[in-house]
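What follows is a set of notes on a single structure, which appears directly below.
Residue numbers (our numbering): 3 to 221.
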């Protein structure tokens, strides 16, 4: 007993470090498994096969959808995983929500005729009159989330309905929904959704809603 007691000051830190190391490895494995499940769900939902540029794995993936789903001329999906530098999260992953994002970027065959911008953390400067061309944008209130969004076009009912559908189905997890012909960016449609609470059954719903938004932007 005295011998064990003498080694306790050494054994205790070693045991704690070993637990943290095991927790970290398990967290990396779980992140990779989830990324692969999302990739497989996307493969089953996108009406095209995701061609990975990297991943899927513990840091996520970046993939081009080939062929791109109608109505898009190009579509890219990126799964970003920001690993928490938090030992508590490594030991008890269920107690900490991992920061994951799905970034969908798509280009239409022609520039969108109906445009829309919604950002979770504020109204874009373009729609507030702070940038050239902003006078053409119209601000709207989205009552059920107490937020604002902006539209531009002669018949924006379709894109407005698309935003409402996205907010109804996935609202708490959305960070950005943009349908915009911005010369500074190649894509016309951009959507960011937090994927930590997302289930695999939500992926086909998300894909169909983004496709519907793209169709509405062309009319």
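C-beta: ideal position from N, C-alpha, C; glycine also.
In this text the structure is predicted, and so the values were computed from the model without any measurement.
Per-residue burial, residue i [other beta carbons within 10 Å of its own, 16 or more giving buried]
i	result
residue 102	buried
residue 168	buried
residue 154	buried
residue 180	buried
residue 51	exposed
residue 33	buried
residue 158	buried
residue 67	buried
residue 116	buried
residue 119	buried
residue 15	exposed
residue 70	buried
For residue i, the nearest candidate out of the options (CA to CA)
i	options	result
residue 80	107, 36, 207, 123	107
residue 166	184, 218, 156, 185	218
residue 178	199, 158, 212, 145	212
residue 195	215, 104, 159	104
residue 124	112, 138, 144, 77	144
residue 109	183, 37, 15	183
residue 187	113, 64, 72, 51	113
residue 56	49, 120, 221, 37	37
residue 82	139, 162, 159, 197	197
residue 172	47, 199, 46	199
residue 1	220, 221, 207, 191	Because the chain here runs from 3 to 221, residue 1 falls outside it and cannot be looked at.
residue 170	63, 207, 221, 44	207
residue 122	164, 63, 175	175
residue 44	209, 214, 73	209
residue 221	156, 193, 49	156
residue 53	74, 65, 47, 60	65
Residue i - containing beta strand (DSSP E), residue span
i	result
residue 125	Looking at the DSSP string, residue 125 is not in any beta strand (DSSP E), and its letter there is neither H nor E.
residue 64	62-68
residue 80	76-84
residue 108	101-109
residue 116	Counting along the chain, residue 116 falls outside any beta strand (DSSP E), and DSSP gives it neither H nor E.
Contact test: residue i Cβ vs the ligand GDP heavy atom, cutoff 7 Å
i	result
residue 123	For the structure depicted, the ligand GDP is absent and the ligand set is empty, with no information on it obtainable.
On the three-pair Cβ rule with 8 Å, is the segment 150-158 touching the segment 196-206?
-> no
Give, in chain order, every unbroken run of the beta strand (DSSP E) that is at least 3 residues long and sits entirely within the segment 141-209.
-> 149-154, 176-181, 191-196
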